[in-house]
Each structure stands twice: as structure tokens, then as C-alpha cells.
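Reading through the C-alpha cells given below for one structure.
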Amino acid sequence: MTTNQALPFRPDLLAGQAAIVTGGGTGLGRGIALALAQVGAKVAVVSRKMENLTAVANEINAAGGTAVAIQCDVRDPDAVEAMVAEAEERLGPISILINNAGATFTVDAERLSPNGFRAVVEIDTFGTFYCSQAFGKRAIARGTGGAIVNITSTSPSTGNPGRIHGGAGKAGVESMTKTLAVEWGPHQIRVNSVAPGVVPTHGSDAGTAAIGKDEAERSASVPLGRVGTPRDIAWATVFLVSDAASYISGCCLIVDGARWLSTGRGKED
Ligand code: NAP
6 MTTNQALPFR
16 PDLLAGQAAI
26 VTGGGTGLGR
36 GIALALAQVG
46 AKVAVVSRKM
56 ENLTAVANEI
66 NAAGGTAVAI
76 QCDVRDPDAV
86 EAMVAEAEER
96 LGPISILINN
106 AGATFTVDAE
116 RLSPNGFRAV
126 VEIDTFGTFY
136 CSQAFGKRAI
146 ARGTGGAIVN
156 ITSTSPSTGN
166 PGRIHGGAGK
176 AGVESMTKTL
186 AVEWGPHQIR
196 VNSVAPGVVP
206 THGSDAGTAA
216 IGKDEAERSA
226 SVPLGRVGTP
236 RDIAWATVFL
246 VSDAASYISG
256 CCLIVDGARW
266 LSTGRGKED
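Counting from 6, one number per residue, gives the positions in the sequence shown under the numbering used here.
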């Protein structure tokens with residue numbers, strides 16, 4: 006796939022491999038799908054809204070890569086099973102899974118409805134389990150190994166005031182990351198997570214707005230002096246699925262400019 010942007014990795018880094026990116030039609034998932042394609046992977050982008058998925062797949066195919074769009078709600082285990090089967094039929098054996106689909110909204114815990122709590126935990130934790138199982142059982146049966154990256158957040162370490170559902174969902178995913186790294190290590194399936202910090206996307210707007218009233222204020226809350234970009238998250242993810250990380254499993258790579266360590270305190274504190 007041709008690109009005008011400088012690549013931090015060789016363009017054939019993942020040549021011959023095929024990947025699934027859930028939530029690949031927007032935000033961080035779109036960035037990850039583009040980056041995987043830029044280093045040679047074939048990509049299936051997966052979510053509920055076909056128009057977003059088709060736009061990303063078209064972008065990749067137009068630039069000379071290979072991508073397909075597959076509609077799937079990751080909360081439905083039968084739909085996930087059918088999605089992975091379709092991805093393998095169209096792209097060949099899948100060796101990379103990026104569990105990126107997620108959703109959250111801000112509400113005080115005492116006012117959050119049971120349905121609101123359930124919907125978010127079902128996307129994060131249940132969805133990640135369904136996709137990982139559908140991917141893992143095939144890779145185990147083939148004996149081909151593989152790599153999973155779960156997109157989580159820093160909230161399993163810090164809590165998630167105002168978004169108790171999102172924090173609980175991501176904590177479940179972090180636990181599964183460690184569990185599957187051990188269970189599936191003997192099958193040469195590596196399982197890691199990437200925890201993004203503040204990265205403005207449509208889905209993170211409400212959370213981002215709460216951090217500062219404008220870009221300057223939000224950037225000042227990050228020790229590295231800027232908020233993140235989808236490319237920051239994408240290249241960290243590519244690193245983890247590549248051979249450069251072949252002895253890394255069960256790890257959480259925090260990609261947040263050291264924000265979670267600063268507890269909001271600047272140099273003047
Ligand atoms: P986003 O643009 O809203 O992306 C979320 C994606 O998840 C969408 O493409 C959405 O697609 C998909 N999705 C939601 N529910 C789904 C379902 N039931 N089945 C399948 N796909 C579903 O927001 P984002 O910021 O890029 O978030 C991506 C991931 O990063 C999320 O897991 C989020 O929690 C995590 N994260 C983001 C930040 C940040 O600052 N941006 C920080 C920490 C963690 P459809 O609507 O088409 O289904």
C-alpha cells in the first residue's frame with residue numbers, strides 16, 4: 006500500500022499476514038487498520054456501521070492494499086463466529102486480531118442505568134472474549150500461532166470516575182490479556198494490550214472535553230506536552246504484533262505521554 010507519510014517500519018513488515026480490526030471504521034481502529042495495511046497486512050475492518058467500514062476498506066484498496074469490510078456486533082457470539090469465518094474465507098488465515106471496539110459515555114455512577122452498564126461491559130469485555138475465542142480456536146487448531154492486541158485504557162490502573170462502566174469493561178479486558186497470554190503461550194499466540202491516553206476522536210469527545218476546555222489546556226495535562234494521535238496508538242500496536250515483539254506477551258503498553266503517572270500535576274506543583 007502506498008502512502009505519503011513516512012513509515013516507522015519497513016513496508017513489508019507484515020506481508021503475507023491477515024488481520025481483523027474491530028471498530029476499524031473510525032478513530033483509533035481506522036488508524037490501526039491503515040497502519041497494518043501500510044506495512045503489508047491484509048485487513049478486515051469490522052463493526053456495526055457498514056458506511057464507515059466501507060470507506061476505510063476503499064481507502065486501503067485504492068492505495069494498493071487489501072481490505073474487506075464486515076458488519077458485526079461484537080456482543081453477539083454467533084455473529085462474531087460468522088465474521089471470523091468470513092474474514093478467513095476472504096483473506097486467508099487470520100494471524101492478527103485487534104480488539105479495539107469500544108464505547109463509553111460520561112455519567113455519575115449513582116445515575117447509570119443497568120442497561121448502560123451492561124451495554125458498555127458487553128462491548129469491551131464480552132466482545133473481546135468472543136472475538137479472541139473465535140480467533141484463538143482457529144489458530145490453535147492450525148498450530149500457526151498469532152498475535153492479539155487489546156485496546157484498553159489507563160483506567161484499570163487509575164479507576165474511571167464518571168465512567169464506571171468503561172473502567173470495569175477495560176479492567177476485564179486487561180485480566181483476559183494476562184490470562185490468555187499464559188493459556189495460549191504454548192500455542193505461540195501472544196496477547197498484549199495497548200492503553201491509549203487522551204486521543205481526540207469522535208468517540209472520546211466527551212472524555213476529552215472534561216480534561217480541558219481547549220487543545221492548549223488538554224496538552225498541558227500531558228507531560229510530553231501534547232495529546233495523542235491515532236498514529237501514536239497505531240504504531241505501538243503494529244510493534245506489538247510484529248516479530249520485534251516476539252518475546253512480549255501479557256504486557257500492557259501505555260501510550261499516553263506519561264499522563265497517567267502525573268496525576269494531573271504540572272511542573273509547578
Ligand atoms: P470511536 O471512534 O467511537 O471507535 C469505537 C469503535 O467501536 C467504532 O468504530 C464503533 O463502530 C465500534 N463499536 C462500538 N460498539 C460496537 C459493537 N457493539 N460491535 C462492533 N463494533 C462496535 O472511538 P475511539 O476513541 O477510536 O475508541 C477506540 C477504542 O479505544 C475504544 O475501545 C476506546 O475505549 C479506546 N480508548 C480510546 C481513547 C481515546 O482517547 N480516544 C482512550 C482510551 C481508550 P460502530 O459504531 O460502527 O459499531
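We treat Cβ as the ideally placed atom computed from N, Cα and C, and that holds for glycine.
Original post:
With a Cβ-Cβ cutoff of 8 angstroms, do residue 184 and residue 155 count as a contact?
Top reply: Not in contact: residue 184 and residue 155 (Cβ atoms no closer than 8 angstroms).
Original post:
Which runs of the alpha helix (DSSP H) fall wholly inside the segment 131-198 and span at least 4 residues, in chain order?
Top reply: List check, alpha helix (DSSP H) in window: 132-147, 160-163 and 169-189.
Original post:
Going by the beta-carbon positions, is the gap between residue 201 and residue 129 smaller than 8 angstroms?
Top reply: Not a contact, by the Cβ cut-off of 8 angstroms.
**OP:** On the DSSP bridge assignment, give the partners of residue 25 in chain order.
**Re:** The secondary-structure analysis by DSSP pairs residue 25 across a beta bridge with 49 and 102.
Subject >> Under the three-state DSSP convention, the category residue 276 falls into >> reply: Residue 276 cannot be examined here, being either before or after the span of the chain that is shown, 6 to 274.
Original post:
Where does residue 43 land, buried or exposed, given buried means 16+ other C-beta within 10 angstroms?
Top reply: Buried, by the Cβ-count rule.
Subject >> residue 12 (DSSP reduced to helix, strand or coil) >> reply: Assignment of residue 12 by DSSP, reduced to helix, strand and coil, places it in the coil class.
Original post:
So, using beta-carbon positions, are residue 207 and residue 31 closer together than 8 angstroms?
Top reply: Yes, they are a contact pair.
Original post:
Cα-Cα, which of 204, 240 and 239 is closest to residue 223?
Top reply: Taking residue 223 as reference, the option from 204, 240 and 239 with the minimal CA-CA separation is 204.
**OP:** May I ask you to list the residues that DSSP assigns as paired with residue 119?
**Re:** Its beta-bridge partners do not exist; DSSP assigns none.
Original post:
Taking DSSP as the reference, what is the three-state secondary structure of residue 274?
Top reply: Because the pLDDT of residue 274 is 43, which lies under 50, any placement of that residue in the model is unreliable, and the number read from its coordinates should be weighed accordingly. Of the three classes helix, strand and coil, the one that applies to residue 274 here is coil, per DSSP.
Original post:
Is it right to say residue 15 is buried, meaning 16 or more other beta carbons lie within 10 angstroms of its own, or is it exposed?
Top reply: By the neighbour-count definition (other C-beta atoms within 10 Å, threshold 16), residue 15 is an exposed residue.
**OP:** Using beta-carbon positions only, say whether residue 78 and residue 116 come within less than 8 angstroms of one another.
**Re:** Contact: no.
**OP:** With a threshold of 7 angstroms, establish whether the CB of residue 25 neighbours any heavy atom of the ligand NAP.
**Re:** Result no, Cβ not under 7 angstroms from the ligand NAP.
Original post:
Helix or strand or just coil, what does DSSP make of residue 82?
Top reply: Reduced to three states, the DSSP call for residue 82 is helix.
Subject >> Which of helix, strand or coil DSSP assigns to residue 263 >> reply: It is coil, neither helix nor strand.
**OP:** Tell me whether residue 17 is buried or exposed, calling it buried when 16 or more other Cβ atoms sit within 10 Å of its Cβ.
**Re:** Residue 17 is exposed by the Cβ-count criterion.
Subject >> Contact check, residue 195 vs residue 226, beta carbons under 8 angstroms >> reply: No.
**OP:** On a CA-only basis, which of 103, 113, 119 and 112 is nearest residue 135? Give me that one, please.
**Re:** Comparing Cα-Cα distances from residue 135 to each of 103, 113, 119 and 112, the minimum goes to 103.
Subject >> Contact the segment 58-69 vs the segment 78-88: 3+ CB pairs below 8 angstroms >> reply: The segment 58-69 is not in contact with the segment 78-88.
Original post:
Do the segment 32-40 and the segment 232-249 meet, that is, are 3 or more Cβ pairs less than 8 angstroms apart?
Top reply: Yes, the segment 32-40 is in contact with the segment 232-249.
**OP:** Return the Cβ separation of residue 149 and residue 98 in integer angstroms, given the expectation that the two are a contact with Cβ distance under 8 angstroms.
**Re:** The C-beta separation of residue 149 from residue 98 comes to about 6 angstroms, placing the pair in contact by the 8 angstroms criterion.
**OP:** Take the Cβ of residue 118 as the centre, count every other Cβ of all protein chains shown within 10 Å, and call the residue buried at 16 or more, exposed below.
**Re:** Exposed, since its Cβ has fewer than 16 Cβ neighbours within 10 Å.
Original post:
Can you name, in chain order, every residue of its own chain whose Cβ lies under 6 angstroms from the Cβ of residue 13, other than the five neighbours on each side?
Top reply: In chain order, 240 place their CB closer than 6 angstroms to the CB of residue 13, counting only its own chain and leaving out the 5 sequence neighbours on each side.
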